[in-house]
Amino acid sequence: MNHGGLCLLTEQPIEKSAVLHCEIFPDRSHVGIPTVMEVRWMRQNPDGPGMTVGLRFLI
């Protein structure tokens, strides 16, 4: 995660430009931070099954 977005692993592909409502739980927190993100890119996970997805913070 950085100031512009984050990268995550998914089991299934997500459509590019899709807008996702997400909740981020910082370091062992039980309280999530709601946010909205856009899928910017996606590719096969080079380390195993699934997809690596790049998300950009919208809010």
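So the sequence shown is numbered by the numbering used here: it starts at 82 and just counts up by one. From the three backbone atoms N, C-alpha and C, an ideal C-beta is built for every residue, glycine too.
Query, Result
"Judging by CA-CA distance, which residue of His102, Ser110, Val120 and Leu90 is the nearest neighbour of Pro127?", "Leu90"
"Check this for me: beta carbons of Met132 and Arg121, under 8 Å apart or not?", "no"
"Once you ignore the five residues that flank Val134 on each side, which residues in its own chain have a CB closer than 8 Å to its CB?", "Cys88, Leu89, Leu90, Thr91, Ile95, Val120, Trp122 and Met123"
"Using three-state DSSP, classify Ile114 as helix, strand or coil.", "strand"
"How long is the line joining the alpha carbons of Leu139 and Val117, rounded to whole angstroms?", "5 Å"
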